[in-house]
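Below is one structure, written out as structure tokens; comments come after it.
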Amino acid sequence: GVVSVNIAGTSMDTPYNSTCLVGCLRPGCPGQGFTCSCIVSSGTVSSVTVVTEGSGYSAVNPPLVNCANGTGQTFFVQLDYAGGHVGGALTPKKAVVEPEVDWSGVSATDRP
273 GVVSVNIAGT SMDTPYNSTC LVGCLRPGCP GQGFTCSCIV SSGTVSSVTV VTEGSGYSAV
333 NPPLVNCANG TGQTFFVQLD YAGGHVGGAL TPKKAVVEPE VDWSGVSATD RP
């Protein structure tokens, strides 16, 4: 599903908070159920809140997002997948590096 929506550009003519308008660039894009809200401050969409992530979306043909009655801003979705997020830049869900401990040359009584 969609985990976040990034915003590029500025606008001074988006009049109010609204539900996102969600569509597809090409017919037949996969996925369903994604909903979001556009949060407006001083005529500019300052954030997009994901209400429902939906499922089945494709990074090749992702959903398009627009906010009602505004111009000058572009919205980019980040999609969740098994290995992290995709959409623009790859952002891993979780980056955990397990420490490696070298116990060679230490007796069993020296270990904590």
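Residue numbers for the sequence shown follow our numbering, beginning at 273 and rising by one.
Idealized CB from N, CA, C, for every residue including glycine.
Check, Outcome
"Inter-residue Cα distance where the pair is Tyr329 and Val274", "8 Å"
"Spatial distance of Val312 from Ser318 (CA atoms)", "6 Å"
"Beta-carbon proximity of Val277 to Val323, cut-off 9 Å", "no"
"Straight-line gap, Asn338 to Val332 (C-alpha atoms, nearest Å)", "19 Å"
"For Ser314, the first and last residue of its enclosing beta strand (DSSP E)", "No beta strand (DSSP E) holds Ser314; DSSP gives it neither H nor E."
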